[in-house]
Structures are given as structure tokens and as C-alpha cells.
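Heads up: the sequence shown runs through residues 1 to 382, numbered per UniProt numbering.
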Amino acid sequence: MPFYNLIRNRLLEAGINLESSDLENSAVIEYMVFEKADCLHGIHSKPLPGAFRFIGEGNNPDIRLEPNDEPELPRSFFKFSSQLTSMASRSALHHTLIKFFDYFTSARLPIKQGLKHTKLFNFYLPNNEIEEAIQSSTLYQAAGSLEGKGLHGLLKLKKKLERYEFCFPKSNNFVQLLQNRIQEHVERFLYPKQIEQHNTVLQRELELQDAICGQERKFNESFLELGLKLSSLIENKSEEYANVARASEKLLINLSEARRAFFATNPTLLRLSVFKTHCMTHIEDAKEEFAKYRQDGAWYSELHPFFQGLIDCCRALVGIVSALTVIPAVLVEVYAPHGFLGTFFQRLKTDSLKKLESFEHNILDDEGVMRELETTLTAQFI
Numbered sequence: 001m002p003f004y005n006l007i008r009n010r011l012l013e014a015g016i017n018l019e020s021s022d023l024e025n026s027a028v029i030e031y032m033v034f035e036k037a038d039c040l041h042g043i044h045s046k047p048l049p050g051a052f053r054f055i056g057e058g059n060n061p062d063i064r065l066e067p068n069d070e071p072e073l074p075r076s077f078f079k080f081s082s083q084l085t086s087m088a089s090r091s092a093l094h095h096t097l098i099k100f101f102d103y104f105t106s107a108r109l110p111i112k113q114g115l116k117h118t119k120l121f122n123f124y125l126p127n128n129e130i131e132e133a134i135q136s137s138t139l140y141q142a143a144g145s146l147e148g149k150g151l152h153g154l155l156k157l158k159k160k161l162e163r164y165e166f167c168f169p170k171s172n173n174f175v176q177l178l179q180n181r182i183q184e185h186v187e188r189f190l191y192p193k194q195i196e197q198h199n200t201v202l203q204r205e206l207e208l209q210d211a212i213c214g215q216e217r218k219f220n221e222s223f224l225e226l227g228l229k230l231s232s233l234i235e236n237k238s239e240e241y242a243n244v245a246r247a248s249e250k251l252l253i254n255l256s257e258a259r260r261a262f263f264a265t266n267p268t269l270l271r272l273s274v275f276k277t278h279c280m281t282h283i284e285d286a287k288e289e290f291a292k293y294r295q296d297g298a299w300y301s302e303l304h305p306f307f308q309g310l311i312d313c314c315r316a317l318v319g320i321v322s323a324l325t326v327i328p329a330v331l332v333e334v335y336a337p338h339g340f341l342g343t344f345f346q347r348l349k350t351d352s353l354k355k356l357e358s359f360e361h362n363i364l365d366d367e368g369v370m371r372e373l374e375t376t377l378t379a380q381f382i
């Protein structure tokens, strides 16, 4: 297969001769496209093939193409199955899906399916994007010429190669051979003390990237919960729901664009400030319409017990933070002037508004994702 031949020929440049079957039985292509989408942060100590599997080139009438897609463009299949996932948790899996399809906007899913049907599906990626992912991958770069990459870039390549150790059987040590190749190249030009200093800087950089990724995952968890809640409103075609459906769709689009704009770039305190302002503005814009909404079956009567409101808020936050974190956070919201007590003798908050405030609290409050992001970014300058 051309993709595997491309990888095999590159490894030959580094003196590594692998059989085509070794590559085909590995998850190397899956890892490379995941690395391209910056999705490897959540994958530790286990191989990837359980969740995602490269199938090969072909056509599938169940895969929908957009009107502006080129039907003659060569594409290849990947298969996804959440039942065989190597991810540590459902939330990690959902975060990875969001991040993956955020990057590969050209990916095409089966008709009548989407990210909320995540048990089993196939999807297309254009072959040219797969090839680009292969050629830009750590593995491919490490097997080529090391000249002109700079010390920091070389040491980063060596460190990132660790992710590919789970791609192949333990008996195959060619990843270690590539790491040794980089180390030997570096030692030709620098003293051990210089290498150690650069490694310290690199370790700090990678820790920061992992911390940012952790906060992105928290944001995506909250975004997904909100999206699942609002999807029923968006899909409702009755006139009664028209305004709240439009408000829901607008909110999700705006939050998604703000999320992409921040997390897809090198995060800075200025970008964080803009991101936070955008999120707060979009949420406030939607609140007025959400407060009017009364969902049949989910609306709690005005006489509903006080503690049911606490349970409802906690339920909205399941999968986002641990129960020990949720309970104090909800109590703070309850006793705030604009919270539950402030409206107790007027009207209970609607289910959709509660869900929105759960999202708002988890992202924007003093102990939320924004504050943790700000703390992480500020640490760069200490």
C-alpha cells in the first residue's frame, strides 16, 4: 500500500529495514494522523488500534460528501469503535473526537451519523491529508536528515518518539534506534551540560503543553454536555421552539469558534483574555432566551423542593469534575445573589438555563478552567 511504502522507504534512509507486514500490523498511520491533529496527549501506555483503525482506500455510499467536495478526490477509510477504545475514560474519548474532527474538517462521516453516535462508524479522510500527516510526523522526521533542525528541535523529536513505542510490538526496538541516532547526532556538537540545560527547558515546555491540553479537555467536556442538551432544541421544528433553537445554535457555533481560535494557537495571556470575554459575552446573550424556555417533562414546577435544584445542577456536571469539586461549586452558585435563592420566590430556573449556568460556572468561575488556564500560562513568566 502506498502509505506504508512511503514510511518504509523513509525508515530505510535511517538504516532501518522493516517488512511491509510489520507496518501494516501496527497503528503507525493512526498515530501519525492523531499527531497531526495534536491528539496524542491523551494516549498513554496503551496502543491505539482499539479505538481507531486505518482500513484503506475505497468508496462507501453511506459516507456523505458535501456539495463542494471533489468526488474524484482519493480518500481512505478509518474505523472507529468506542467499545474497543484504549482511552482512559469516556470524557477522554469525546475530547479526542472533538479535537480530531476540529482539525480534519475534510473528514466525512456516514449519513445519519455524527459525533453523538460514537459506538461504531467509518469515516473518510482525503489521501493527500493522510500523506501530509505522515510526512510531518515525528517518526518520519526522525528518520530523515537531522541537519538544520536545531538542538531544541532535535531533543523534542527524541522525546516525542516515546509516543510511538506503543505503535509496534515490544520486540521491535527501531524507535529506540531512532532516539539513539538523534542523541549521537547531538553529542557531536554539544557538551553534556549544554544538552542537560536544553532538556530542562524542553521538559518545562512539554509540561506546559500537557497542562494546556488538560484544560482544553475540561472545556470540551463541558461544551459536549451543553451541546447534547441543546441538540434537542436545535432539531425541534415547531414554531414554539424557533427562538430558543436559533439561540442554541448560535451559542454553540460561537463557543465552538472561540474554542478553536484559542486552543488551536499558541496560548498567551492576551488570547486567554479575549477567549474568556467571548465566552462570557456569548453566554450572556443566550441567557435571556433560555430563561423563557419551558421544556415539557424536564421543567420543574415552581414548588419543586429546594434540594432537587442541587441534584439537577450536580447531574449537569457529571463527567466534568469530581463530586467533591461539584458540590462546593454548586453551593457557591446557589447562595450567590443571582443564583437559586435569588429567584426562589419568583420562578425556578428552566432546565436549559441551569445547564447553561453549569457550563458557565465550570468554565468561568474562580476555580474553573479559565482560572486554571490563566495560572498555567502565568507560570511561563515566573
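C-beta: ideal position from N, C-alpha, C; glycine also.
Close Cβ partners of residue i (< 7 Å) along its chain, the five nearest in sequence each way excluded
i: S136; result: K36
i: L73; result: P126
i: F223; result: L255, R259
i: Y4; result: S20, L23, E24
i: R10; result: Y140, A143, G144
i: E249; result: I234
i: N180; result: none
i: L252; result: G227, L230
i: C213; result: H41
i: F263; result: E216
i: I311; result: Low local confidence applies: a pLDDT of 27 at I311 is under 50, so the model's placement there is unreliable, and no value is given.
i: L146; result: L154, I182, H185
Environment of residue i [buried if 16+ CB atoms lie within 10 Å]
i: Q215; result: buried
i: I130; result: buried
i: G227; result: buried
i: Q176; result: exposed
i: C191; result: This sequence places Tyr at residue 191; Cys is not what is there. Looking at its Cβ environment, which holds fewer than 16 other Cβ atoms inside 10 Å, Y191 is exposed.
i: E225; result: buried
i: L12; result: exposed
i: S76; result: buried
i: A245; result: buried
i: F104; result: buried
i: L178; result: buried
i: P2; result: exposed
i: A92; result: buried
i: S358; result: buried
i: F189; result: exposed
i: P328; result: A caution first: P328 carries a pLDDT of 31, below 50, which makes its placement in the model too unreliable to give a value.
Proximity of residue i and residue j at Cβ, strictly below 8 Å
i: M280; j: A133; result: no
i: F78; j: F101; result: no
i: N254; j: H282; result: yes
i: N220; j: H361; result: no
i: F174; j: I7; result: no
i: K143; j: A14; result: The sequence as given places Ala at residue 143; Lys does not occur at that position. Yes.
i: Y164; j: L202; result: no
Cβ-based neighbour list, residue i, same chain, cut-off 8 Å, excluding 5 preceding and 5 following
i: D210; result: H41
i: N199; result: L155
i: I195; result: L151, L155, V186, E187
Presumed contact (8 Å Cβ cut-off) between residue i and residue j, rounded CB distance
i: A247; j: A286; result: 5 Å
i: K149; j: L206; result: Wrong, their Cβ atoms sit about 17 Å apart, outside the cutoff.
i: R271; j: T265; result: 7 Å
Same chain, Cβ closer than 6 Å to residue i, five either side skipped, listed in chain order
i: F34; result: L40
**Request:** Count the CB pairs spanning the segment 220-231 and the segment 179-186 that are closer than 8 Å, and state whether there are at least three.
**Result:** no
**Message:** When you compare the segment 16-34 with the segment 155-169, are there three or more beta-carbon pairs, one atom per stretch, that lie closer than 8 Å?
**Reply:** yes
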